[in-house]
Every structure is written in C-alpha cells, then in structure tokens.
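Student: Once you've had a glance at the structure underneath, I'll fire off some questions.
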C-alpha cells in the first residue's frame with residue numbers, strides 16, 4: 012500500500028552547511044544577533060507549521076471520507092441479497108443477509124426489517140430445496156420469518172407465499188395451509204402468471220399431507236381431490252394421482 016506521508020530526505024540542500032542552527036541552545040541571554048536570528052526563524056517556521064497542520068487536517072478528512080464512501084448501507088445489503096436470490100447464488104445471498112442482520116437489523120426501519128425477514132424465509136426454503144433437506148425445524152423457521160415479515164408490513168409475493176404454504180405443511184401444521192390456497196388464488200394472473208401453478212402445487216402437497224395425517228379430518232377429501240383433478244392446470248399425471256388417492260381414501264373409509 013502506498014504511503015501517504017512523503018519519505019524523509021537524507022540529503023541536505025547545498026547551502027545548508029553554511030547556515031547557523033535555527034535554535035541557539037547555548038545562549039542564556041539573547042543578544043541583538045540572536046534575537047534577530049530568532050525572529051527570522053519564527054518567520055521561516057510559521058508558514059511551515061501551518062502547512063504541516065493543514066496537511067494533517069487534510070489527511071484526516073480524506074481518511075474519514077474514504078472510510079464512508081466504501082461503506083454499504085442497509086438498503087444495499089438487502090438489494091444485493093435479493094439480486095443474489097434471483098440468480099440462485101445462495102452463498103452471496105446469505106452473506107448479505109448476515110451482514111445486514113449483524114449491523115443494521117435493530118437500527119433499520121420496519122420496511123427494511125420486513126424485507127430482511129422475507130428474504131431470510133426465502134433463503135432457508137431455497138437452501139433446503141437445493142440440498143434435498145426436509146427438516147421440520149427449518150420449516151418452522153421459514154414460517155416464523157414470513158410471519159415476522161408480514162407483521163412488519165412487508166409484501167409477500169406469490170413465490171414467497173408458496174414457500175410459506177409449503178413450510179406450514181413441512182412444519183406439521185397442514186390445516187393452516189388452506190388459507191394460503193385462498194390467498195394464492197387472489198393473485199392477478201396477468202401480473203403473476205405463475206400463481207395458478209403455485210396454487211396447483213400447494214393444493215396437491217396439502218391433500219397429500221392431509222391424507223397422511225392420522226388424526227381426524229375436518230375437510231372433504233374427495234371434494235378436494237375432485238377440485239384438484241378438474242383444475243385447469245392439471246396434467247395427465249395429476250389426474251391419475253388424484254384418481255389413485257380417491258380409490259385409497261374410499262377403501263380406507265369404507266366408501267367403496
């Protein structure tokens with residue numbers, strides 16, 4: 012790294028040897044000659060002192076400026092995290108979220124906090140999917156992050172709402188998933204063209220979770236399977252899956 016301070020000169024000026032010392036240490040009483048020399052010294056040193064002091068203040072100002080110019084604010088951390096998520100870079104996304112959480116979480120405004128929690132829920136969900144992990148504790152963490160984001164006034168788009176809905180299933184609370192289906196259906200298909208597909212995926216996962224639940228069911232499973240099978244986005248595989256689940260449910264409940 013380059014030094015800010017100039018290097019000290021080792022060579023003297025050609026006429027330095029012919030000059031007397033600027034300060035006379037031997038004289039106890041100033042003579043006319045020494046006084047004249049002292050006055051001349053003051054006149055010569057004073058501009059130099061001003062230059063040195065001014066340079067010090069300039070260096071300090073430059074250091075202070077450089078330390079703030081390169082600093083990253085809370086909004087930029089969140090923007091970087093969001094951009095990293097969109098390109099699938101979970102490592103960079105996590106780094107920016109951790110930086111925001113460590114430096115700015117308690118000092119930022121509610122909207123920034125909401126964005127942080129929403130992105131944190133996104134990150135955990137995407138990380139599980141990429142790594143093939145399906146842990147109930149992680150799903151619970153996803154749910155808490157989204158709940159906190161919405162409580163702070165954050166907007167939850169259709170992608171995050173699908174992750175939230177899936178997390179309620181993974182967290183072992185499938186009966187709370189139904190409300191997310193209704194919310195996903197309210198998205199404008201022109202503005203959110205993938206919302207219908209998200210409804211379909213959540214609906215299937217929810218029905219499967221309900222069927223796997225050994226407790227009492229408070230829904231009409233056959234009605235839900237029929238609605239899923241007849242949905243506009245249902246594929247041939249979806250319809251076969253629904254038909255098989257219907258047969259299994261009828262056998263299990265004696266409604267053959």
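Residue numbers (the working numbering): 12 to 267. From the three backbone atoms N, C-alpha and C, an ideal C-beta is built for every residue, glycine too. What you are looking at is a predicted structure, and each value in this text was computed from that prediction instead of being measured.
Go ahead and pull the three-state DSSP assignment for residue 202.
Tutor: DSSP places residue 202 in coil when its eight states are reduced to three.
Student: Measuring alpha carbon to alpha carbon, tell me which residue in 163, 202, 157 is nearest residue 176.
Tutor: Comparing Cα positions, the closest option is 157.
Student: How about residue 86 and residue 109: do their beta carbons lie closer than 9 angstroms?
Tutor: Not in contact: residue 86 and residue 109 (Cβ atoms no closer than 9 angstroms).
Student: What residues in its chain sit with their C-beta under 6 angstroms from that of residue 136, if we drop five residues either side in the sequence?
Tutor: For residue 136, where only same-chain residues beyond five positions count, the Cβ hits under 6 angstroms are 153, 174.
Student: Exposed or buried, residue 256, counting other C-beta atoms within 10 Å across all chains shown (16 or more means buried)?
Tutor: Classification for residue 256: buried.
Student: In angstroms, rounded to a whole number, what distance separates the CA positions of residue 74 and residue 88?
Tutor: With a pLDDT of only 48 at residue 74, under the threshold of 50, the placement of this residue in the model should not be trusted, and no figure is reported.
Student: Using 8 angstroms as the Cβ pair cut-off and three pairs as the minimum, do the segment 210-217 and the segment 234-246 touch?
Tutor: Because the criterion of three Cβ pairs below 8 angstroms is met, the segment 210-217 and the segment 234-246 touch.
Student: Taking the straight line between their C-alpha atoms, what separation do you get for residue 90 and residue 250?
Tutor: So the two alpha carbons sit approximately 41 angstroms from each other.
Student: Given this structure, state the Cα-to-Cα distance separating residue 258 from residue 230, to the nearest angstrom.
Tutor: So the two alpha carbons sit approximately 17 angstroms from each other.
Student: So, is residue 221 buried or exposed, given that buried needs 16 or more other C-beta atoms within 10 angstroms?
Tutor: Buried, because 16 or more other Cβ atoms sit within 10 Å of the Cβ of residue 221.
Student: Among residues of its own chain, excluding the 5 on either side of residue 172, which ones have a beta-carbon nearer than 7 angstroms to its beta-carbon?
Tutor: Correct list, in chain order: 191, 194, 195.
Student: Can you check whether the CB of residue 130 is closer than 9 angstroms to the CB of residue 93?
Tutor: For residue 93 and residue 130, yes; Cβs fall inside 9 angstroms.
Student: Checking 9 angstroms against the spacing of the C-beta atoms, do residue 217 and residue 189 come in under that value?
Tutor: Going by C-beta atoms, residue 217 is nearer than 9 angstroms to residue 189.
Student: Roughly how many whole angstroms lie between the Cα atoms of residue 102 and residue 238?
Tutor: The straight-line gap from Cα to Cα measures roughly 40 angstroms.
Student: Can you list, in chain order, the residues of its chain with a C-beta nearer than 6 angstroms to that of residue 49? Leave out the 5 residues immediately preceding and following it.
Tutor: With a pLDDT of 47 at residue 49, under the threshold of 50, the predicted position of this residue should be treated as unreliable, and no value is reported.
Student: Which of the three DSSP states, helix, strand or coil, is assigned to residue 188?
Tutor: Three-state DSSP puts residue 188 in coil, outside helix and strand.
Student: Residue 79 to residue 186, Cα distance in whole Å?
Tutor: Because residue 79 sits at a pLDDT of 44, beneath the cut-off of 50, its placement in the model cannot be relied upon, and the point is left open.
Student: Are the beta-carbon atoms belonging to residue 207 and residue 164 less than 9 angstroms from one another?
Tutor: No; because the gap between Cβ atoms is not below 9 angstroms, this pair is not in contact.
Student: With the cut-off set at 9 angstroms, would you say residue 252 and residue 215 are in Cβ contact?
Tutor: In this structure, residue 215 lies closer than 9 angstroms to residue 252 by Cβ.
Student: Thinking C-alpha only, which one of 233, 263, 96 is nearest residue 132?
Tutor: Answer by Cα proximity: 96.
Student: The alpha helix (DSSP H) with residue 253 in it runs from where to where?
Tutor: Segment 247-264, the alpha helix (DSSP H) holding residue 253.
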